[in-house]
Amino acid sequence: RCKSGKDSKTLQAAFDIYYPHLAKQFRDPAQPKRMIEKDILPTLGSRYLDDVCRADFTALFQKVVARGAPVMANRLLIQTKRFLSYCEQQGWLEENPLLRVTQQAIGGKEKARERALDWDEIAALITFVFDTTNKLHAGTRWAILGDLLTGQRASEVLGMADKGLPWLEGPAKTAPYKVPMTPLVRLWVKNKPSQVTSRHSTVARVFIEHDWGFTPHDLRRTFASRLSDLGVMPHVIEKMLNHKMEGVMAVYNRAEFWPERVAAQKVWDKKLLSLIKKNPGA
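Start counting the sequence shown at 40; every next residue gets the next number (the working numbering).
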């Protein structure tokens with residue numbers, strides 16, 4: 040049975056205090072904020088924390104599942120559980136009602152993604168990006184091309200900076216990354232629109248809205264898979280992805296393979312250019 044919430048905070052008031060804490064924990068706090076503001080607060084925001092039961096939350100999660108987004112429901116569970124744990128730690132809530140709720144009970148077990156675009160799909164994506172009749176924002180076009188061209192995470196592409204060096208660089212999830220400044224990369228940077236979205240979630244939403252069946256991160260997997268098809272060695276691809284070396288490689292091989300990465304980027308540029316040139320609108 041739910042408790043009376045006379046001395047508690049409402050979910051909205053608690054979330055307003057929680058958000059600055061959230062912003063310190065996530066590189067892109069806007070995404071979890073948007074999820075909770077969209078699917079939790081409109082229904083439960085005015086209610087007191089101690090007056091909301093587990094069933095109230097799970098009913099909202101199931102609504103997300105019902106609209107065909109079980110993975111999103113699992114993400115919403117994770118973010119809401121973190122929010123309520125914060126409230127419990129602050130003494131605003133006696134116990135987190137979602138503590139024992141699992142993803143299996145909400146959106147179900149998730150399979151690891153293995154999606155990588157083939158060459159025809161890459162060509163189709165390029166055609167779409169260069170088609171100005173689809174009213175896609177210029178900054179979003181630029182970001183999608185950057186995902187495909189550099190193989191970096193979508194959020195990292197948005198943070199790339201040209202510092203007049205032979206590479207692009209910026210902060211990354213694991214370590215500062217470098218992307219060789221090949222002619223095609225330089226052309227891409229040169230054509231950066233004056234207004235570019237600052238959020239990965241904005242770009243990801245375009246993929247969902249057009250029902251493409253793949254995500255911005257799948258372009259990163261595509262970059263790696265197709266580079267392998269073009270004969271680039273696995274250890275070079277790992278460095279291009281800014282992955283940490285594992286096992287023996289991590290201990291004994293600290294080389295950056297920079298000449299090999301430059302050569303591989305040129306091979307990738309050449310292949311993408313061949314697909315772009317087939318597009319009359321490019």
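Backbone N, C-alpha and C fix where the C-beta goes; we use that ideal spot for every residue, glycine too.
Query	Result
Are three or more beta carbon pairs between the stretch 183 to 199 and the stretch 213 to 230 nearer than 8 Å?	yes
So for residue 248, helix, strand or coil by DSSP?	helix
Report the CB separation of residue 78 from residue 115 in whole angstroms; it is logged as a contact under 8 Å.	6 Å
By the DSSP assignment, the alpha helix (DSSP H) with residue 298 in it spans what residues?	297 to 316
Can you tell me whether residue 208 is helix, strand or coil according to DSSP?	strand
Measure the alpha-carbon distance for residue 181 versus residue 173 and round it to whole angstroms.	14 Å
Whose CA, out of 54, 265, 103 and 300, lies closest to the CA of residue 310?	265
With distance defined between alpha-carbon atoms, name the residue in 140, 161, 97 and 221 nearest to residue 317.	161
What do you get for residue 92, buried or exposed, if any count of 16 or more other CB atoms within 10 angstroms of its CB means buried?	exposed
With DSSP collapsed to three states, give me the class of residue 322.	The requested residue 322 is not part of the displayed model; the chain covers only 40 to 321.
State the Cα-Cα distance for the pair residue 138 and residue 94, rounded to the nearest angstrom.	13 Å
Return the CA-CA distance between residue 207 and residue 218, expressed in angstroms with no decimal places.	5 Å
Measure the beta-carbon distance from residue 193 to residue 256 and round it to whole angstroms, keeping in mind my assumption that it falls under 8 Å.	7 Å
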